[in-house]
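For the sequence shown, our numbering assigns the number 1 to the initial residue and increments by one for each residue that follows. Worksheet: one structure, shown below.
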Amino acid sequence: MQKINIALFILLTPALLAAQNITPYKVSDHNKFSWLNIEKKVPQAVITRFIADEKGEFPAYRNRSGYGYTIKELPARLHFIDINNDGANDVIFEGAGGGEGNVVEIFLSTKPSYKKVFEDKEGVSNIIFENNKLKELIISDWGCCEDYLNFDKTFSVSFSAPGSLTFTLVSQTASVFQGISPDTLFEKSFAFEILNDDYNLRSRPAVDDSSYEPWGESSSAGRVGNVVAVLYAGTKGIAIGKQTDNTGRGWWYIELDENVALKKSVFYENENKFSTKKRGWISSRFVKIL
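Below is the structure:
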């Protein structure tokens with residue numbers, strides 16, 4: 001086994017990774033995302049005026065939905081950001097919707113009023129700017145009730161005209177909502193191939209074939225701990241990050257293309273029916289770097 005680990009280390013050279021020309025992985029973790037370095041501080045009067053002007057919005061905080069939120073809690077859910085570099089602060093709302101779950105809404109400043117240009121659920125995982133304009137928005141949709149998958153949706157943003165934004169869903173990935181994201185990312189993602197048949201894709205970087213999981217016995221994979229899919233030999237994917245468990249076993253956090261055939265799986269389709277890549281953990285022992 002020591003020889004295998006050494007061989008992998010040699011193959012993981014920067015030159016090889018660069019030669020594969022794979023798009024860099026974009027971090028998208030709602031639990032690690034912070035507004036602190038993105039939003040701007042504005043006077044309380046600006047916040048109060050915005051809430052008053054948008055009287056038809058934010059029903060959960062106006063005692064119209066019965067969910068127990070109050071108007072005093074609303075300001076903390078409003079983030080003032082200039083997303084189109086016009087010198088005016090736009091507003092991103094991330095909070096309770098009028099029904100179950102959270103929503104993300106974007107209000108573009110039209111001076112002096114605002115226009116809602118985007119709405120989705122449940123929370124923001126990453127915001128990417130280019131030349132001081134919003135370029136990409138990554139939304140995490142962890143669903144509701146018995147849902148156990150998190151769908152990360154990447155929207156590209158285009159500015160077709162002053163005061164007009166277009167959000168286009170360009171990619172979507174699925175992973176287990178309470179799974180673990182990698183603590184270390186590879187310098188550049190790279191392609192690999194599974195060597196052994198019946199190779200397990202797991203929600204966490206650890207061998208666990210007995211714990212209770214929310215998908216239980218109702219799925220095609222059955223009650224098998226943290227296994228979320230069983231892969232065929234020859235399955236190809238993209239390695240994103242890595243982690244080592246307390247036994248010393250190395251794990252890769254990977255992404256599988258939408259069309260990859262799975263022998264067994266607990267993944268389900270998102271309600272938007274958009275093609276979806278799948279993410280999870282595999283042991284790095286029996287794989288070949290392409």
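All C-beta atoms, glycine included, are put in the ideal place defined by N, C-alpha and C.
(request) Ignore the nearest five residues each way along the sequence and tell me which others in Leu134's own chain have a CB closer than 6 Å to its CB. (result) The residues are Ile83 and Val157.
(request) Look up Val260 in the DSSP assignment and say whether it is helix, strand or coil. (result) Here Val260 carries a coil assignment [DSSP, helix/strand/coil].
(message) Quick check: the Cα distance between Ile180 and Ser203, rounded to an integer number of angstroms?
(response) Cα-Cα distance, rounded: 7 Å.
(request) Find the nearest neighbour of Cys145 within the set Glu39, Phe177 and Ile139, judged by alpha-carbon distance. (result) The option with the nearest alpha carbon to Cys145 is Phe177.
(request) Could you pull out every residue in the same chain whose Cβ sits closer than 7 Å to the Cβ of Asn272, ignoring the five residues on either side in sequence? (result) No residues qualify anywhere along the chain.
(message) Using only the alpha-carbon positions, how far apart do Pro43 and Pro75 sit?
(response) The C-alpha of Pro43 lies about 11 Å from the C-alpha of Pro75.
(request) Mind checking which residues open and close the beta strand (DSSP E) that includes Phe274? (result) Segment: none, Phe274 is in no beta strand (DSSP E) and carries neither H nor E.
(message) Taking the beta carbon of Trp35 as the centre, do at least 16 other beta carbons fall within 10 Å, making it buried, or is it exposed?
(response) When all chains shown are included, Trp35 counts as exposed.
(message) Taking 8 Å as the cut-off, does the stretch 164-171 touch the stretch 253-260 (at least 3 CB pairs, one atom from each stretch)?
(response) When Cβ pairs closer than 8 Å are counted between the two stretches, the stretch 253-260 is seen not to touch the stretch 164-171, the count staying below three.
(request) Consult DSSP for Gln178 and reduce its assignment to one of helix, strand or coil. (result) Three-state DSSP puts Gln178 in coil, outside helix and strand.
(request) Assign Thr276 to one of two classes, buried (16 or more other C-beta atoms within 10 Å of its C-beta) or exposed (fewer than that). (result) In the assembly as shown, Thr276 is a buried residue. Its beta-carbon has 16 or more other beta-carbons within 10 Å.
(message) Spatial neighbours of Pro205 within its chain, please: C-beta separation below 6 Å, excluding the five flanking residues on both sides.
(response) For Pro205, where only same-chain residues beyond five positions count, the Cβ hits under 6 Å are Gln243, Asp245, Trp251 and Trp281.
(request) Would you tell me roughly how many angstroms separate the C-alpha atoms of Val104 and Lys278, rounded to the nearest one? (result) Near 23 Å, if we compare the C-alpha coordinates of Lys278 and Val104.
(request) Pull up the distance between the alpha-carbon of Glu213 and that of Arg62, whole angstroms please. (result) Distance between the alpha carbons of Glu213 and Arg62 is about 37 Å.
(message) For the alpha helix (DSSP H) containing Val46, name the first residue and the last one.
(response) Secondary structure note for Val46: its alpha helix (DSSP H) is the uninterrupted segment Gln44 to Asp53.
(message) By alpha-carbon positions, which one of Ser113, Asp147 and Tyr199 ends up nearest to Tyr268?
(response) Selected option, being the one with the closest Cα: Asp147.
(request) Just the C-alpha distance for Phe274 and Thr173, rounded to the nearest angstrom, thanks. (result) Linking Phe274 to Thr173 through their CA atoms gives a straight-line distance of about 10 Å.
(message) At the level of alpha carbons, what is the spacing between Ser283 and Phe33?
(response) Cα to Cα, Ser283 sits roughly 27 Å from Phe33.
(message) Can you tell me whether Tyr114 sits near the ligand COA, meaning its C-beta is under 7 Å from at least one heavy atom of the ligand?
(response) For the structure depicted, the ligand COA is absent and the ligand set is empty, with no information on it obtainable.
(request) May I ask you to report which of helix, strand or coil DSSP gives Glu136? (result) In the structure shown, Glu136 falls within a strand segment according to DSSP collapsed to helix, strand and coil.
(request) Whole angstroms is fine: what's the gap from Glu100's alpha carbon to Leu78's? (result) Leu78 has its alpha-carbon roughly 19 Å from the corresponding atom of Glu100.
(request) Kindly identify the DSSP beta-bridge partner or partners of Asn102. (result) The beta-bridge partner set that DSSP reports for Asn102 consists of Ala96.
(message) Bridge partners for Ile71 per DSSP, in chain order?
(response) Within the DSSP bridge table, the entry for Ile71 names no partner.
(message) On a Cα-Cα basis, can you pick out the residue from Val207, Ser210, Lys72 and Val117 that is closest to Ser160?
(response) Residue Val117 is the option with its Cα nearest to Ser160.
(request) Leaving aside the five residues before and after Ala88 along the sequence, list all residues of the same chain whose C-beta is less than 8 Å from its C-beta, in chain order. (result) Excluding residues within five positions, the ones whose Cβ falls inside 8 Å are Asp82, Ser109 and Lys111.
(request) Grab me the residues of Asn226's own chain with a C-beta within less than 6 Å of its C-beta, minus the 5 sequence neighbours each way, in chain order. (result) Arg202, Ser203, Arg204 and Asp208.
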